[in-house]
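Student: The structure follows.
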Amino acid sequence: MGKCFHCNKRVNISTFLLDYPLNGLNFGTPLITSSPVPPVELEKELRDKHFTIGTLQVKYADMCLFLFNFILKNGVLSNAYRQNGSWYGGGVAFQIINQLQKIYGFQYSVVLPTENHLESKEGLFGLIHDEYVDLGAAFLPVTATYSKYANFSTILDMGQWVAVYKRPEELESDGLGLLAPFTTNLWFSILFCMMLVGCTLYIILWIFKKFCSKCKGRSLMECLWFVYGALLKQGYTITPKTDSARIVFASWWMFVMLVTTFYTANLTAYLTVAELPLPIKTISDISLKKCTLIIKAESVIEELITNDLEKLYAIYKNSQKIFVNDEDEDILSNWISNKHVHHHVFIAEQPNIDVVLHQNYLTQTRCPYITLSPVYTLPRAFAYSKSFKFGSLFDKAIRNLVEVGLVEHFIKAYLPESNSCPLNLRRTERQLNNSHLSMAYYLMITGFLLAFIIFTTEIATKIFKRRKIRSLKKEANSAVNLPSSQFMNVLLSPCIDHFPNLKKKLINGRLYWVSNIKGELRLIPIRAASTLIFHKRVKRTQ
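Heads up, the sequence shown is in full-length UniProt numbering, so the first residue is 1 and it goes up one at a time.
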């Protein structure tokens with residue numbers, strides 16, 4: 001089926017060519033001059049054929065180690081070991097090769113590249129390009145860069161590279177755990193509601209007092225204290241007298257009940273659910289928080305992240321990168337779990353890193369690492385040399401192995417049954433320490449300090465007022481009052497001996513006692529009936 005460029009209609013091209021043959025057209029010489037070899041003949045030729053197969057290995061500084069019989073670890077996907085002077089392949093890659101060997105009956109020998117750099121002349125793709133090996137049995141990334149060195153087989157799987165970093169301590173608290181159930185906007189909204197309800201209640205009671213002289217009014221501070229006490233369920237003595245005030249009271253109590261219920265539930269979940277405050281939650285956080293990337297030297301990720309034509313380069317071009325020659329176990333211990341190193345993220349290949357994390361978990365009480373979602377995903381396949389003519393047969397068999405799930409089964413056989421380093425450790429019991437309740441301590445100490453300051457202010461005010469009253473009374477008593485031990489008739493003129501602070505003066509031919517009360521000079525007549533009257537007037541002014 002296809003579309004016509006003129007009428008834009010869908011037509012059957014095969015039927016169209018049968019009805020209207022294209023006579024007289026010259027399509028040129030075909031690219032393939034010879035007919036392909038039939039599959040049956042290829043299978044016969046493949047029998048007892050000997051291939052040289054290359055695989056990946058780790059890089060050793062001392063090449064003399066090759067003389068010993070040991071396994072060259074390159075993860076569960078492919079590896080090699082030396083026995084009786086010969087190299088033998090292992091891992092999932094050679095399990096697939098062995099299945100192909102059972103089907104087609106060929107023979108093979110294993111050759112190891114002397115360098116891990118895939119594109120180098122002594123690397124795996126260099127050996128394939130120079131046809132030193134017939135094919136590469138490893139889970140190799142399918143990229144346009146590598147396609148110029150070799151042909152790729154049917155896709156084996158989708159390779160994933162994940163970010164691994166150090167797990168933070170459980171429930172790391174910044175002292176604000178009690179505020180965590182609600183957002184900042186919600187806390188300000190609750191504070192605004194408190195002020196609004198307090199002012200509304202005050203206005204209602206103030207208006208009602210204007211129409212009811214016997215009703216007792218409430219100040220704005222009392223209304224605000226009532227709203228605050230209701231929020232903390234302390235209770236208060238304000239009793240509503242009107243229906244409008246009762247509705248305001250009831251609405252506020254319902255609001256308080258719902259808010260406290262949600263707060264209690266969320267606080268319980270926050271303190272008990274086994275979730276971690278992760279500093280890095282997504283892949284984008286790695287570049288935003290400027291984390292340092294730890295990458296294995298001469299790996300696929302190094303070539304992709306340093307190639308300005310790749311997407312991975314654009315994502316992490318501003319991030320600091322460290323390329324190391326260590327293995328996964330050494331990188332985790334030296335770079336990720338090191339206490340003196342912070343914000344380092346290891347870009348590791350799955351499923352190799354899953355096996356390493358599981359082995360590390362078996363030696364500790366809990367997994368000290370966290371794996372994020374894949375940083376990069378890339379198809380992986382075998383690589384054939386350009387002259388390898390049995391690729392179609394291998395692809396057909398590999399496709400069958402992939403479709404029936406045998407390749408996935410081979411990979412899962414090396415992996416642990418469960419994730420050793422999940423985000424949630426699924427712990428049902430949790431103990432809190434003082435740092436988690438530091439906000440409660442801060443609130444209690446702040447409340448006590450504020451209460452002490454107010455209490456001191458109140459006591460100081462009372463003492464100051466009391467002393468002021470005493471000084472005024474003492475001044476008045478010393479000026480006009482008689483001593484209590486001396487009884488005399490107030491109708492008679494007082495004796496001079498009882499008034500040491502008074503001065504007697506003769507004014508206009510009459511004798512007066514001259515007193516200084518509150519800075520004012522007062523004259524008290526002597527031996528006259530007006531003395532008693534003036535005495536009582538002075539006592540009123542005290």
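The C-beta atom is built at its ideal place from N, Cα and C for all residues, glycine as well.
Can at least three beta-carbon pairs, one atom from the region 117–126 and one from the region 358–369, be found at a separation below 8 Å?
Tutor: no
Student: Alpha carbon to alpha carbon, how far is PHE390 from LYS281?
Tutor: The alpha-carbon atoms of PHE390 and LYS281 are separated by roughly 46 Å.
Student: From the DSSP output, in three-state form, read off PHE51 for me.
Tutor: Per DSSP, reduced to three states, the secondary structure at PHE51 is strand.
Student: Could you check what DSSP says for HIS342 in three-state terms: helix, strand or coil?
Tutor: coil
Student: Three-state secondary structure (DSSP) at ASN79?
Tutor: strand
Student: Which residue marks the beginning of the beta strand (DSSP E) containing GLN107, and which one marks its end?
Tutor: That run of the beta strand (DSSP E) goes 107–111.
Student: Around the C-beta of GLY447, are 16 or more other C-beta atoms found within 10 angstroms, so that it is buried, or is it exposed?
Tutor: exposed
Student: For LEU100, count neighbouring C-beta atoms within 10 Å of its own C-beta (all shown protein chains included) and say buried if the count is 16 or more, exposed if not.
Tutor: buried
Student: Apart from the five residues just before and just after LYS49, which ones in its own chain have a Cβ nearer than 6 Å to its Cβ?
Tutor: PHE106
Student: With the cut-off set at 8 Å, would you say ARG380 and PHE139 are in Cβ contact?
Tutor: yes
Student: So, are the CB atoms of ASP326 and LEU415 less than 8 Å apart?
Tutor: no
Student: Can you find the residues in the same chain that come closer than 7 Å, C-beta to C-beta, to ALA80, ignoring five residues on each side of it along the sequence?
Tutor: THR55, GLN57, LEU72, TRP87, TYR88, GLY89, GLY90, VAL110, LEU112
Student: Is the beta carbon of CYS291 sitting closer than 8 Å to the one on HIS343?
Tutor: yes
Student: Along the chain, where does the alpha helix (DSSP H) that runs through residue 563 open and close?
Tutor: The first residue shown for the chain is 1 and the last is 542, placing residue 563 beyond what the model contains.
Student: Quick one: what does DSSP say ALA451 is sitting in, helix, strand or coil?
Tutor: helix
Student: In whole angstroms, what is the alpha-carbon distance linking GLU45 and VAL402?
Tutor: 25 Å
Student: Have a look at the DSSP bridge pairing and note the partners of TYR384.
Tutor: DSSP, once it has assigned bridges, lists LEU135, ASN151 as partnering TYR384.
Student: To test your reading of the DSSP string, which unbroken alpha helix (DSSP H) runs of 4 or more residues are found completely within the region 262–320?
Tutor: 284–288, 300–305, 311–315
Student: From LEU304 to TYR442, what does the alpha carbon distance come to, in whole angstroms?
Tutor: 51 Å
Student: Alpha carbon to alpha carbon, what distance is there between GLN95 and HIS358?
Tutor: 22 Å
Student: So the alpha helix (DSSP H) ASP157 belongs to, where does it begin and stop?
Tutor: Looking at the DSSP string, ASP157 is not in any alpha helix (DSSP H); the run it does join, the beta strand (DSSP E), is 157–166.
Student: Out of LYS317, ASN352, TRP335, point me to the one whose CA is closest to PHE346's CA.
Tutor: Nearest option by C-alpha distance: TRP335.
Student: By how many angstroms is the C-alpha of ALA460 removed from the C-alpha of residue 547?
Tutor: No statement about residue 547 is possible, as the shown extent of the chain runs from 1 to 542 and does not include it.
Student: Within the continuous alpha helix (DSSP H) that includes GLU43, where are the two ends?
Tutor: 39–46
Student: Tell me the rounded alpha-carbon separation between CYS223 and GLY198.
Tutor: Distance between CYS223 and GLY198, taken at the CA atoms: about 5 Å.
Student: Answer yes or no: do VAL142 and ILE53 have a C-beta to C-beta separation smaller than 8 Å?
Tutor: no
Student: Write down the C-beta distance between GLU298 and HIS117 rounded to the nearest angstrom, noting that I regard them as a contact closer than 8 Å.
Tutor: 4 Å
Student: Determine, using beta carbons only, whether residue 613 and VAL76 come nearer to each other than 8 Å.
Tutor: There is no way to answer for residue 613, as the model of the chain reaches only from 1 to 542.
Student: Just how far apart, CA to CA, sit LEU191 and LYS321?
Tutor: 47 Å
Student: Would you mind giving the Cβ-Cβ distance between ALA163 and ALA93, rounded to the nearest angstrom? I have them listed as a contact below 8 Å.
Tutor: Not confirmed; about 25 Å, so no contact.
Student: Is the Cβ-Cβ distance between ILE286 and SER244 less than 8 Å?
Tutor: At least 8 Å separates the beta-carbon of ILE286 from that of SER244.
Student: Helix, strand or coil: which one does DSSP assign to residue 544?
Tutor: Past the edges of the chain, shown from 1 to 542, lies residue 544, and the structure says nothing about it.
Student: Apart from the five residues just before and just after PHE487, which ones in its own chain have a Cβ nearer than 8 Å to its Cβ?
Tutor: Unreliable positioning characterises PHE487 in this predicted model, as indicated by a pLDDT of 45, which lies under 50. A coordinate reading is not provided.
Student: Could you tell me which whole alpha helix (DSSP H) segments of length 4 or greater appear in the region 182–233?
Tutor: 184–211, 220–231
Student: Classify VAL407 as buried or exposed, calling it buried when 16 or more other Cβ atoms lie within 10 Å of its own Cβ.
Tutor: buried
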